[in-house]
Every structure is written in C-alpha cells, then in structure tokens.
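A short write-up of the structure that comes next.
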Amino acid sequence: MNTRPNDAAFVRPASEITRAAGAVRPTDGLSNREYFASLALQGLLTGAGDNDFSYDDAAEDAVTYADALIAALNKKAGTS
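Counting from 1, position 17 in the sequence shown corresponds to residue 11 in the working numbering; the numbering is continuous, with no gaps.
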C-alpha cells in the first residue's frame, strides 16, 4: 500500500456537505502529511521540557519527521 502525503488522513465515503443553497464544499480534513506532522509536533512539544527551540524550528522539524515517516512507510511497502 502506498502512503501518499496529500491523501486524506481520515477517509470517509461521504466527504461533502451540501448547504441549503445547494452549494457543495469538500470536508476532507487533514492530509496524511498534515496529520503526521501534527502528531510529530505534539511529541516534540511534550518532550521539550526547557528546550529553547523556536516555534518555526519545531514546526519545520515536525514536517521533516512527517516526510520521513511517509518515506519509510513507502519503502517498507516497496513503493518508494
């Protein structure tokens, strides 16, 4: 199975909301990459203690971890 960074993290069969006026808007939520990065950021901040890294550094590190996880998942699946 291939883990694609921009696929929805929480797939639902009905991912649209129809408003009374008839307008339809997608409600896919977070991508896999965004979801993995948010989990990585949570872990970084939980274990940070008195670490003095900046918000930008923490966010960039979280995205780097998310990308590494996606690459590792795809490598393990033989789809890198």
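Using N, Cα and C, we set each Cβ at its ideal position, and we do this for glycine too.
A Cβ-Cβ separation of about 6 Å places N68 in contact with T(-3) under the 8 Å criterion. With distances taken between CA atoms, E54 lies nearest to A31 out of G72, A31, G37 and G41. In the DSSP assignment, S32 forms no beta bridge with any residue.
Secondary structure of A3 (DSSP, three-state): coil.
Residues of the same chain with a CB within less than 7 Å of the CB of A56, apart from the 5 flanking positions on each side, are A31, A34, L35 and L38 in chain order.
For D50, the enclosing alpha helix (DSSP H) stretches over residues Y49 to K70.
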